[in-house]
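J.: Structure incoming, see below.
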Amino acid sequence: MNYKTISILGATGSIGHSTLDLIRRNPDMFKVTALTAHSSVKKLVALAKEFMPDFVAISDPSCFTALKDGLNGTGIKCGAGESALVDAAEIPSDMVMAAIVGAAGLMPTLAAARRGATIALANKECLVCAGDLMMEEVHKHHARILPVDSEHNAIFQVLETHAEKAIRRIVLTASGGPFLGLCQSRFNAITPAEAVAHPNWDMGAKISVDSATMMNKGLEVIEAFHLFPIEATQIDVLVHPQSVIHSMVDYVDGSTLAQLGSPDMRIPIASCLAWPERMPTPATPLDLAQIGTLTFEQPDYEKFRCLKLARDALLTGGAAPAVLNAANEVAVEAFLKENINFDAIPAVVEQTLAKSDMKAPQSLANVFEIDQEARRTAQALIVSMNDME
Ligand code: NDP
Ligand code: MG
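Residue numbers (the numbering used here): 178 to 566.
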């Protein structure tokens, strides 16, 4: 029995799909323990029948009957609601893939940390809204985080073999998203379909919009601050449209170390799944001669205001990152439903921050209160914006 057992939270999403693709290709290496989804019940049932986990959870309670009926005769246990996600995370397994989108991933990821699990962490929002408290729990319960986000995975790979203490700065590379070259005056006409069509990466809708506003890079700056032993001022962002260099570490002696690879999330996911070993993936090997040119530029903080707002939120500290995250989730959802324009996303986030109390959360219950309050403020702002039109 030389396989790893793994629970996949957010199994029906883009990261879940890539994770299961790797597991499917390496059936002797892994055994799936639990799978979760929000409301994609048919997809979840099909995955459960294929991978035969012990437990399956769906967070939308209205999908429970369909899930139960779908699993009838398989012997697989199932549950519904937010508590079932926590149950899925608590079942003993060697590794938890935390791939739920948004702050909804916080409680189950925390449950995994509290049982001392090895967590392959894709869900960046949980570190953004509760980074200090989450990392405290990780250390207290001797859990381990393996970063899935390609930039953080790149830094993790560099730091694994090189001195952590001599870091001068960390450089997070950013593709710049689909609107890097678009004039800002045209941002108000961007449609959801245009925003989710990322030039290099194939991802879920929310993170694709975050990449288009560059909020994604801002969230990643906050994520990096919690994951690595550095100050906020030691994290830089560099636009690199080809997405070949996934991030870099500058050392005090003038050396810069980087991780490179094709823009395929199966590479960082495989690095976490097989850690501390390596496993093969079907990703296209990097052909630098074919690519020819790698380019770099400074980010435009005026044009991509979300990136600036996120950097500022990290420097402000306290409740600011949690408020920023909640307001952004609300604004992105409103944009995807065509209730607000693309260029209203930073406006909603900025105004929500201006109206919110910045007092640091003292407990996780406090994080949820801050999150809920910021969501209400952002919703009210969107209503008043639409009334003014
Ligand atoms: P997707 O939208 O593709 O998938 C999200 C998953 O979470 C689905 O399984 C979905 O279930 C589930 N889910 C959605 N809402 C809830 C909820 N309220 N409660 C519980 N589960 C929920 O997202 P991605 O896979 O793209 O991203 C997942 C996370 O990974 C995000 O935090 C993202 O920032 C991060 N990430 C993603 C990358 C990528 O390439 N996709 C790269 C780096 C980080 P259902 O299908 O039923 O809705
Ligand atoms: Mg990333």
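The beta-carbon is built from N, C-alpha and C at its ideal position, and this holds for glycine as well.
Keep in mind that this is a model prediction, so the values were computed, not measured.
#1: For V348, which residues does DSSP report across the bridge?
#2: Keeping to the same chain, check which residues put their C-beta closer than 8 Å to that of S439; ignore five residues upstream and five downstream.
#3: Rounded to the nearest angstrom, what separates L357 and R346 at their Cα positions?
#4: Determine, using beta carbons only, whether A504 and A447 come nearer to each other than 7 Å.
#5: Need the endpoints of the alpha helix (DSSP H) that C306 sits in, please.
#6: Assuming A297 contacts V263 under a Cβ cut-off of 8 Å, what Cβ separation, rounded to an integer in Å, is found between them?
#7: For F356, does the three-state DSSP call read helix, strand or coil?
#8: Round the Cβ separation of T488 and V398 to the nearest angstrom and send it over; I've been treating them as touching at under 8 Å.
#9: In the DSSP assignment, what are the bridge partners of S195?
#10: So the alpha helix (DSSP H) L492 belongs to, where does it begin and stop?
#11: Which of the three DSSP states, helix, strand or coil, is assigned to A234?
#12: Mapping DSSP to helix, strand and coil, what is P406?
#13: Which residue or residues does DSSP assign as beta-bridge partners of M274?
#14: Does ligand 2 have even one heavy atom less than 6 Å from the beta-carbon of E328?
#15: Along the chain, where does the beta strand (DSSP E) that runs through P254 open and close?
#16: Reducing DSSP to helix, strand and coil, say where Q436 ends up.
#17: Output yes or no for whether 7 Å exceeds the beta carbon distance between I517 and I559.
#18: In chain order, what residues of the same chain have a beta carbon less than 6 Å from the beta carbon of T295, not counting five sequence neighbours either side?
#19: Round the Cβ separation of L256 and A234 to the nearest angstrom and send it over; I've been treating them as touching at under 8 Å.
#20: For ligand 1, is there any heavy atom lying closer than 6 Å to the beta carbon of H215?
#21: Note down the Cα distance separating R455 from A511, rounded to an integer number of angstroms.
#22: Considering only DSSP beta bridges, list what K208 is partnered with.
#23: Is M192 near ligand 1, in the sense that its beta carbon is under 6 Å from a heavy atom of that ligand?
#24: Quick one: Cα of E479 to Cα of K208, how far?
#25: Just mark M425 as buried or exposed, buried being the case when its beta carbon has 16 or more other beta carbons within 10 Å.
#26: Which residues in the same chain as S195 place their Cβ atom closer than 7 Å to its Cβ, once the five residues preceding and following it in sequence are excluded?
#27: How would you label A521, buried or exposed, when you count the other beta carbons within 10 angstroms and need 16 or more for buried?
#28: Less than 7 Å separating the beta-carbons of A280 and E314?
#29: Would you mind stating whether H215 and D237 have Cβ atoms separated by less than 7 Å?
#30: Taking the beta carbon of F402 as the centre, do at least 16 other beta carbons fall within 10 Å, making it buried, or is it exposed?
#31: Where W378 and H329 are concerned, what is the direct C-alpha to C-alpha distance, given to the nearest angstrom?
#32: On the criterion of 16 or more Cβ atoms from any shown chain inside 10 Å, does T350 qualify as buried, or is it exposed?
#33: With 16 other CB atoms within 10 Å as the buried threshold, where does G395 fall?
#34: Any heavy atom of ligand 1 inside 6 Å of the beta-carbon of S236?
#35: On the three-state DSSP scale, how would you describe I559?
T.: Let me lay it out:
#1: D413, M425
#2: V421, A460, T461, P462, L463
#3: 25 Å
#4: no
#5: 301-317
#6: Contact flag wrong, Cβ pair sits at about 18 Å.
#7: coil
#8: Here residue 488 turns out to be Arg, not Thr, going by the sequence shown. With a Cβ gap of about 6 Å, R488 and V398 count as contacting.
#9: Per DSSP, none; premise fails for S195.
#10: 482-493
#11: strand
#12: coil
#13: I185, A297
#14: yes
#15: The amino acid at residue 254 is misidentified as Pro; the sequence shows Lys. Looking at the DSSP string, the run of the beta strand (DSSP E) that includes K254 is 254-257.
#16: strand
#17: yes
#18: M272, R321
#19: In the sequence as presented, Leu is not what sits at residue 256; that position holds Gly. With a Cβ gap of about 5 Å, G256 and A234 count as contacting.
#20: yes
#21: 41 Å
#22: T182
#23: In the sequence as displayed, the identity of residue 192 is Ile instead of Met. For ligand 1, at least one heavy atom lies less than 6 Å from the Cβ of I192.
#24: 48 Å
#25: buried
#26: M442, R443, I446
#27: buried
#28: no
#29: yes
#30: buried
#31: 16 Å
#32: buried
#33: buried
#34: yes
#35: helix
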